[in-house]
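Count along the sequence shown from 1, add 18, and you get the number used in our numbering.
One structure is given here, and the rest of the page talks about it.
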Amino acid sequence: MNTLFGKPYFSRKGEEMSRNYKKTLSDMLLLAIILLISSVSIKIGAIVIGMIGLMELLTE
Numbered sequence: 019m020n021t022l023f024g025k026p027y028f029s030r031k032g033e034e035m036s037r038n039y040k041k042t043l044s045d046m047l048l049l050a051i052i053l054l055i056s057s058v059s060i061k062i063g064a065i066v067i068g069m070i071g072l073m074e075l076l077t078e
């Protein structure tokens, strides 16, 4: 069995892969949260604009 730095090569490779996987998972989670926040803020903005439009219509 091929050992690098006293550790089996395959287990080291597995650790690297799992670390990269965790990193990509956290990046995807962050992206999902950002998308969620942006979509919610767009909805809130649309509601606010709609309310202002209604107020202007009612006050005329």
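Ideal Cβ placement from N, Cα and C applies to all residues, glycine included.
Span separating the alpha-carbon of residue i from that of residue j
i: residue 68; j: residue 53; result: 22 Å
i: residue 65; j: residue 46; result: 28 Å
i: residue 37; j: residue 73; result: 54 Å
i: residue 34; j: residue 71; result: 55 Å
i: residue 44; j: residue 60; result: 24 Å
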